[in-house]
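Residue numbers (numbering that gives the first Met the number 0): 0 to 388. Don't be surprised by glycine CBs; every beta carbon is placed ideally from N, CA and C.
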Amino acid sequence: MISYSRQDITDADIDAVTAVLRSDFLTQGPAVPRFEQAVAVKVGARFGVAVNSATSALHLACRALDLGPGDWLWTSPNTFVASANCARYCGAKVDFIDIDPRTYNLSVEALTAKLAQAEKTGRLPKIVIPVHFAGQPSDMVGIAELSRQYGFRIIEDAAHAIGARYGDEPVGNCRYSDITVFSFHPVKIITTGEGGLATTNDPALAERMARLRSHGITRDPARMHGEPVGPWDYQQIELGFNYRMTDIQAALGASQLQRLEAYIARRHALADRYDRLLADLPVRTPYRDPHHRSALHLYPIQVGTERRGIFLDLRQAGIGVNVHYIPVHMQPDYQVFGFKRGDFPNAEHYYSNAISLPLFPTMTEEQQDHIVNSLYTAVHSRRLWSALG
Ligand SMILES: *Cc1c(COP(=O)(O)O)cnc(C)c1O
């Protein structure tokens with residue numbers, strides 16, 4: 000089975016992990032701050048806070064921005080559930096903004112209209128989370144302009160987008176946001192096994208996320224209530240979590256990070272090749288905005304009404320196609336909030352036609368040819384069957 004995405008682990012990665020295993024620290028040693036620094040430098044942010052998943056990073060980002068009961072968080076419905084669940088962890092309410100049918104990212108036009116409406120009903124969001132779907136940056140200038148007008152904070156969900164560029168600036172430098180979150184799950188651009196990282200330029204947000212990652216405990220006398228009772232003193236000054244990344248993971252991430260540019264280049268070469276090879280098929284290949292560089296985490300195509308059959312045929316041919324994403328508002332666990340089919344028609348329409356073809360840096364052209372040939376066969380036979388009725 001050719002999976003839709005997979006990690007690339009080199010001897011250098013294995014050596015980096017082994018070195019940690021032979022060292023004094025498996026966790027809370029020197030590798031995590033080194034990795035945080037390396038990512039921050041790479042994406043042009045002042046601070047990086049590494050955690051055990053992007054889901055945890057999203058939760059901490061919301062907590063650091065004081066999201067709580069009574070507040071609203073808005074995000075794209077075309078995303079993984081984690082982009083919305085972080086609000087619910089904080090006791091806040093979630094709403095969605097429909098997507099742009101061309102980029103599949105949150106539509107700034109829809110956001111503008113929804114904000115004007117929400118202002119009248121007193122339900123403006125505290126936080127908006129644009130998701131850089133498939134690695135393509137959202138319209139951050141437009142979203143940041145609205146945030147100044149309406150006073151909401153911005154967390155970029157860049158789980159797909161480390162290595163992407165917005166104009167000529169790296170995604171993650173937080174020029175248009177408060178916090179950016181990356182994922183290092185093995186299907187993503189680079190991996191730490193499980194892992195995530197939040198970048199920010201605000202020292203107070205960085206400090207708060209770092210404290211919340213480790214139980215809300217501080218050893219800094221300046222933060223303590225009263226004088227420290229001794230040099231051993233530590234104080235829990237708010238309720239936090241154990242969301243720490245291990246040194247084992249950080250060492251893997253730092254080693255992987257060195258190949259980021261090569262990975263993005265290879266993803267582009269393969270996506271360009273898909274674009275060419277699929278040009279004659281009645282499918283819609285993903286739009287790529289010429290002003291920005293996508294990290295190309297995914298290659299989602301629109302195949303029309305025969306999606307089910309085409310999907311099954313491709314799986315039958317040993318191709319691990321997938322669907323990104325079932326709109327979050329259609330999940331059973333979101334029905335209690337009153338969401339229903341038809342609420343976000345662009346996201347629903349996109350989903351009903353979507354198949355993600357495999358795309359990962361170690362994919363060979365032979366594998367890609369097999370995928371393309373299988374797709375031709377599937378599309379033509381399914382179209383024929385449906386035409387024959
Ligand atoms: C993968 C993903 C996440 C969650 O990442 P984890 O590291 O698995 O917690 C969040 N948002 C999006 C858009 C993702 O694709």
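- request: Give me the Cα-Cα distance between residue 58 and residue 92, rounded to the nearest whole angstrom.
  value: By 1-based counting over the sequence shown, the position of residue 58 is 59. By 1-based counting over the sequence shown, the position of residue 92 is 93. Answer to the nearest angstrom: the Cα atoms are 14 Å apart.
- prompt: Straight-line CA distance for residue 259 to residue 273?
  reply: Sequence index remark: in the sequence shown, residue 259 carries index 260 (1-based). Sequence index remark: in the sequence shown, residue 273 carries index 274 (1-based). Each residue's Cα considered, the two are about 21 Å apart.
- request: Taking residue 89 as the reference, give the member of 75, 308, 189, 69 with the closest Cα.
  value: By one-based count along the sequence shown, residue 89 stands at place 90. The candidate whose alpha carbon is nearest that of residue 89 is 69.
task: Could I get the ranges of all uninterrupted beta strand (DSSP E) runs contained in the region 148–203, with 3 residues as the minimum, in chain order?
output: The qualifying runs are 152–156, 178–182, 195–199.
DSSP beta-bridge partners of residue 217: For this step, residue 217 is matched to residue 218 along the sequence shown. In the DSSP assignment, the residues bridged to residue 217 are 234.
- prompt: Between residue 199 and the rest of its own chain, which residues show a CB-CB distance below 6 Å, the 5 nearest in sequence each way excluded?
  reply: Numbered from 1 along the sequence shown, position 200 holds the residue referred to as residue 199. Cβ neighbours of residue 199 beyond the five flanking positions: 46, 173, 178, 205.
- prompt: Using CA coordinates, which residue listed in 344, 295, 360 is at the minimum distance from residue 97?
  reply: Working through the sequence shown from its first residue, we reach residue 97 at position 98. Selection 344, 295, 360 evaluated against residue 97 yields 344 as nearest (Cα-Cα).
query: For residue 83 versus residue 74, is the C-beta distance shorter than 9 Å?
result: Along the sequence shown, one-based indexing puts residue 83 at 84. Along the sequence shown, one-based indexing puts residue 74 at 75. With respect to the 9 Å criterion, residue 83 and residue 74 are classified as neighbours on the basis of their beta carbons.
query: Would you say the beta carbon of residue 249 comes nearer than 8 Å to a heavy atom of ligand 1?
result: Numbered from its first residue, the sequence shown carries residue 249 at position 250. At a threshold of 8 Å, residue 249 does not count as near ligand 1, since its beta carbon sits no closer than that to any of the ligand's heavy atoms.
- request: In angstroms with no decimal places, state the Cα-to-Cα distance between residue 383 and residue 308.
  value: Stepping through the sequence shown from its first residue, residue 383 is reached at position 384. Stepping through the sequence shown from its first residue, residue 308 is reached at position 309. Approximately 12 Å, taken between the alpha carbons.
message: Which residue wins for smallest C-alpha separation from residue 132, given the options 253, 147, 7, 298?
response: The residue given as residue 132 occupies position 133 in the sequence shown. For the residues 253, 147, 7, 298, the minimum Cα distance to residue 132 belongs to 298.
message: Taking the alpha-carbon of residue 4 as reference, which of 21, 374, 363 has the nearest alpha-carbon?
response: For the purposes of this step, residue 4 is identified with residue 5 of the sequence shown, where counting begins at 1. Cα-wise, what sits closest to residue 4 is 363.
query: Is DSSP giving residue 307 helix, strand or coil here?
result: Along the sequence shown, read from residue 1 onward, the residue named residue 307 stands at position 308. Per DSSP, reduced to three states, the secondary structure at residue 307 is helical.
Near ligand 1: residue 328 beta-carbon under 8 Å from a heavy atom: Residue numbering aside, residue 328 sits at position 329 when the sequence shown is read from its first letter. Because no heavy atom of ligand 1 lies under 8 Å away, the Cβ of residue 328 does not count as near it: no.
task: Kindly examine ligand 1 and report whether one of its heavy atoms sits closer than 8 Å to the Cβ of residue 52.
output: As a first step, residue 52 is located in the sequence shown; it is residue number 53 there, counting from the start. Residue 52: yes, Cβ under 8 Å from ligand 1.
task: With a threshold of 16 other CB atoms inside 10 Å of the CB of residue 102, please say whether the residue is buried or exposed.
output: Looking up residue 102 in the sequence shown gives position 103. Label assigned to residue 102: buried.
message: Given this structure, state the Cα-to-Cα distance separating residue 254 from residue 159, to the nearest angstrom.
response: Against the sequence shown, residue 254 aligns to sequence position 255. Against the sequence shown, residue 159 aligns to sequence position 160. C-alpha separation (whole angstroms): 19 Å.
- request: With a threshold of 16 other CB atoms inside 10 Å of the CB of residue 389, please say whether the residue is buried or exposed.
  value: Since the displayed the chain opens at 0 and closes at 388, residue 389 lies outside it and no answer follows.
field: Beta-carbon contacts of residue 312 that lie in its chain and below 8 Å, excluding the five residues immediately before and after
entry: What you label residue 312 is simply residue 313 of the sequence shown in a count that begins at 1. 373, 376, 377, 380, 381, listed in sequence order.
For residue 350, the nearest candidate out of 359, 370, 310 (CA to CA): As a first step, residue 350 is located in the sequence shown; it is residue number 351 there, counting from the start. When only C-alpha atoms are compared, the closest one is 310.
message: On the DSSP letters alone, give me the boundaries of the alpha helix (DSSP H) that residue 263 sits inside.
response: Sequence index remark: in the sequence shown, residue 263 carries index 264 (1-based). Start and end: 259–276.
message: Pull the bridge partners of residue 355 from the DSSP assignment, please.
response: The residue labelled residue 355 in the question sits at position 356 within the sequence shown. Answer is 299, 321.
query: When DSSP labels each residue in this structure, what does residue 92 get in the three-state scheme?
result: Within the sequence shown, the letter at position 93 stands for residue 92. DSSP places residue 92 in strand when its eight states are reduced to three.
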